[in-house]
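Peer 1:
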Amino acid sequence: MLTRTALEALARRPAAFLASGWPWRSLAYLLSSTVPGLVVAVTALSISLVGRVPLMVPAGIAAAGLAVPPLARFERWRLRLVDSTPTPRASAGRRRDAAVALFSLFVFWWIDLLVVGATVGGPVVLILSPVLQPTDGAWALAAAFTASAMGLLLLLVAPYTFTAWAGARGALVRTLLAPRETELAEVLRSRARLVDAFETERRRIERDLHDGTQQRLVALSMRLGLARLDLPPDSPLAEQLAQAHEEAKLALVELRELVRGVHPQVLTDRGLAAAVRNVAARSPVPVDVDLSLPRRPPQSVEVAAYYVVSEALANVAKHSRASRAAVRGRLAGGVLTMEIRDDGVGGADPARGTGLTGLADRVAVVDGRLSLSSPAGGPTTMRVEIPCAL
Ligand SMILES: Nc1ncnc2c1ncn2[C@@H]1O[C@H](COP(=O)(O)OP(=O)(O)O)[C@@H](O)[C@H]1O
Ligand SMILES: [Mg+2]
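Following my numbering, the numbering of the sequence shown begins with 4 at its first residue and continues without gaps.
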């Protein structure tokens, strides 16, 4: 699995963890806390120069206010050292920015530097003790070397300590900047009545295409085939007729595809489970399918659920950059539930396309609910629940 945060890196095998960049990134993350530390020190020094206590308080508040926006930006920027999932957008809100900046100014920076000092500085001092405390006498020398050995051991485990703190701190900063919404939120539905009308129209078009146009094309194709048999093969017309015949056959194939797109044949013939396996098998991203549908739901429910799965998997392929996806379907207690998950980048937003809102409309027609959870950094989960009468 891909390691995306310092905390995830801790769970790797020790050799892999120590050889990776994560301890160094964590160390850099914590050391960059000298910046807010310096801000506090310089501000405190300048304010103390003001000298008069009644003026110090407003000066302090003004300084903190001035420091908030650049500090929030700095925290956002350096978060990527310990968390490579996309950083929440800057529009997350001013209150959140202020919270992060104030934490950084008053809480985090000295803890960060203390952690680095204790986990790296301490062992280094211990290691250097034979040099720092030159002694004579065998016992004192032995003690100094024992301390040195202890220091070496402590330095070996230090990456775990400071990476753990850096990771936890990063997670806290991320939560302050933008909480990860893992709750599924219902996708807005808007045009339910319109879709109902569209559905009726769709059925009519499908029927007309199937019974009318398609039959005519079949007849045309057969006639052209027969005409070709009647012509001597070397006549100048034969070539043209052969072309016309090919064109007619192509048109028939295209029309069949079209009809299938409007309403896949396998869905009518063999039901939702087969149709879902069919789309899953055609997906470029590998999909685990887990379905338990003891009976076939009503046709309108099957169609709506099918469209949800096929749009969700199309989105996985188009937008998610996922390495795996999964479809889970259950029919129990008179409710059909389908859940489509992917381990991709997340950030799905119904407002940025037409697919998801269209689905919500479709699902609303059969009294279902469509919900979506897709925090920045993933994972994305889409769920549809449709009641079907027993
Ligand atoms: N599984 C997903 N992973 C990441 N982003 C997604 C996913 N599904 C949708 N999105 C994002 O949400 C937007 C809206 O999706 P959708 O309504 O289906 O529109 P589109 O027509 O672009 O597919 C997409 O443009 C895409 O940026
Ligand atoms: Mg889409």
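Ideal placement from N, C-alpha and C gives every residue a C-beta, glycine not left out.
Can you give me the start and stop residues for the beta strand (DSSP E) that Thr-384 sits inside?
Peer 2: Within the sequence shown, numbered from 1, the residue matching residue 384 stands at position 381. For Thr-384, the enclosing beta strand (DSSP E) covers residues 383 to 390.
Peer 1: Do Trp-112 and Gly-40 have their beta-carbon atoms positioned less than 8 Å apart in this structure?
Peer 2: For this step, residue 40 is matched to residue 37 along the sequence shown. For this step, residue 112 is matched to residue 109 along the sequence shown. A contact, by the Cβ cut-off of 8 Å.
Peer 1: So, using beta-carbon positions, are Val-176 and Val-103 closer together than 8 Å?
Peer 2: Translated into the one-based positions of the sequence shown, residue 176 becomes position 173. Translated into the one-based positions of the sequence shown, residue 103 becomes position 100. For Val-176 and Val-103, yes; Cβs fall inside 8 Å.
Peer 1: Look up Asp-293 in the DSSP assignment and say whether it is helix, strand or coil.
Peer 2: For the purposes of this step, residue 293 is taken as residue 290 along the sequence shown, with counting starting at 1. Three-state result, Asp-293: strand.
Peer 1: Can you determine whether any heavy atom of ligand 2 sits closer than 7 Å to the C-beta of Gly-337, and answer yes or no?
Peer 2: Residue mapping note: residue 337 aligns to position 334 of the sequence shown, counting from 1. Relative to ligand 2, Gly-337 has its C-beta separated by 7 Å or more from all heavy atoms.
Peer 1: Do the CB positions of Arg-15 and Thr-6 come within less than 8 Å of each other?
Peer 2: For the purposes of this step, residue 15 is identified with residue 12 of the sequence shown, where counting begins at 1. For the purposes of this step, residue 6 is identified with residue 3 of the sequence shown, where counting begins at 1. Cβ atoms of Arg-15 and Thr-6: closer than 8 Å.
Peer 1: What does the alpha-carbon distance come out to for the pair Val-71 and Gly-124?
Peer 2: Along the sequence shown, read from residue 1 onward, the residue named residue 71 stands at position 68. Along the sequence shown, read from residue 1 onward, the residue named residue 124 stands at position 121. Their backbone Cα atoms lie some 30 Å apart in a straight line.
Peer 1: Based on Cα-Cα distance, which residue from Glu-305, Thr-357, Leu-144, Ile-343 lies nearest to Asp-370?
Peer 2: Residue mapping note: residue 370 aligns to position 367 of the sequence shown, counting from 1. Out of Glu-305, Thr-357, Leu-144, Ile-343, Glu-305 has the C-alpha closest to the C-alpha of Asp-370.
Peer 1: Closer than 7 Å: is that where the CB of Ser-377 sits relative to any heavy atom of ligand 1?
Peer 2: On the sequence shown, position 374 is the one that residue 377 refers to. At least one heavy atom of ligand 1 is nearer than 7 Å to the Cβ of Ser-377, so yes.
Peer 1: Near Arg-259, what residues of its chain come up, given a Cβ to Cβ distance below 8 Å and the 5 sequence neighbours on each side ignored?
Peer 2: By 1-based counting over the sequence shown, the position of residue 259 is 256. Correct list, in chain order: Gln-217.
Peer 1: Is it the case that the CB of Ala-354 approaches a heavy atom of ligand 2 more closely than 7 Å?
Peer 2: As a working note, residue 354 is residue 351 in the sequence shown. Within the chosen limit of 7 Å, ligand 2 does not reach the beta carbon of Ala-354 with any heavy atom.
Peer 1: Can you determine whether any heavy atom of ligand 1 sits closer than 7 Å to the C-beta of Thr-88, and answer yes or no?
Peer 2: Position 85 of the sequence shown, counting from 1, holds the residue named residue 88. No, Cβ of Thr-88 sits at least 7 Å from all heavy atoms of ligand 1.
Peer 1: List, from N- to C-terminal side, the alpha helix (DSSP H) runs of 4 residues or more that fit wholly inside the region 16 to 77.
Peer 2: 17 to 22, 25 to 34, 37 to 53
Peer 1: In terms of residues, what are the limits of the alpha helix (DSSP H) holding Thr-88?
Peer 2: Locating residue 88 in the sequence shown gives position 85, counting from the first residue. Per DSSP, Thr-88 belongs to no alpha helix (DSSP H) and is neither H nor E.
Peer 1: Residues in its own chain within less than 8 Å of Ser-286 by CB, not counting five upstream and five downstream?
Peer 2: The residue labelled residue 286 in the question sits at position 283 within the sequence shown. These residues qualify, in order along the chain: Leu-316, Val-319, Ala-320, Ala-328.
Peer 1: For Leu-294, which residues of its own chain have a beta-carbon under 7 Å away from its beta-carbon, when the five flanking residues on both sides are left out?
Peer 2: Stepping through the sequence shown from its first residue, residue 294 is reached at position 291. Taken in chain order, the residues that qualify are Ala-276, Val-279, Gly-332.
Peer 1: Going straight from the alpha carbon of Leu-13 to that of Ala-325, what length do you get?
Peer 2: Indexing the sequence shown from 1 puts residue 13 at position 10. Indexing the sequence shown from 1 puts residue 325 at position 322. Distance between the alpha carbons of Leu-13 and Ala-325: 23 Å.
Peer 1: Using a Cβ-Cβ cut-off of 7 Å (strictly less than) and excluding sequence neighbours within five positions of Leu-84, which residues of its own chain qualify?
Peer 2: To locate residue 84, count along the sequence shown from 1; it is residue 81. Contacts found: Arg-28, Ala-31, Tyr-32.
Peer 1: Let me check one thing: in DSSP terms, what residues is Asp-345 bridge-paired to?
Peer 2: By one-based count along the sequence shown, residue 345 stands at place 342. Among the bridge pairs identified by DSSP, Asp-345 is matched with Ala-328, Thr-383.
Peer 1: Should Ala-317 be listed as close to ligand 2, given that the test is whether its C-beta is under 7 Å from any heavy atom?
Peer 2: As a working note, residue 317 is residue 314 in the sequence shown. Because some heavy atom of ligand 2 lies under 7 Å away, the Cβ of Ala-317 counts as near it: yes.
Peer 1: Buried or exposed: which applies to Ile-114, given that a residue is buried once 16 or more other Cβ atoms fall within 10 Å of its Cβ?
Peer 2: Translated into positions along the sequence shown, residue 114 becomes position 111. Label assigned to Ile-114: exposed.
Peer 1: Would you mind listing the alpha helix (DSSP H) stretches within the region 226 to 299 that are 4+ residues and don't spill past its ends, in chain order?
Peer 2: Here the runs fully enclosed are 239 to 265, 268 to 285.
Peer 1: Cβ-heavy atom distance between Ala-349 and ligand 2 below 7 Å?
Peer 2: Within the sequence shown, residue 349 is the residue found at index 346, counting from 1. In the sequence as displayed, the identity of residue 349 is Gly instead of Ala. Checking every heavy atom of ligand 2 against the Cβ of Gly-349, none is found closer than 7 Å.
Peer 1: So is the beta-carbon of Asp-345 under 7 Å away from any non-hydrogen atom of ligand 1?
Peer 2: Within the sequence shown, residue 345 is the residue found at index 342, counting from 1. Within the cutoff, so yes.
Peer 1: Return the CA-CA distance between Val-368 and Thr-340, expressed in angstroms with no decimal places.
Peer 2: Here residue 368 refers to the residue found at position 365 of the sequence shown. Here residue 340 refers to the residue found at position 337 of the sequence shown. About 16 Å.
Peer 1: Would you call the region 117 to 132 and the region 157 to 174 in contact, with 3 or more CB pairs under 8 Å?
Peer 2: yes
Peer 1: May I ask which residues mark the beginning and end of the alpha helix (DSSP H) holding Ser-313?
Peer 2: Your numbering for residue 313 matches position 310 in the sequence shown. Here the alpha helix (DSSP H) through Ser-313 covers 302 to 318.
Peer 1: When DSSP builds the beta bridges, which residues end up paired with Glu-189?
Peer 2: Here residue 189 corresponds to residue number 186 of the sequence shown, with the count starting at 1. Note: Glu-189 sits in a beta bridge opposite Ser-374.
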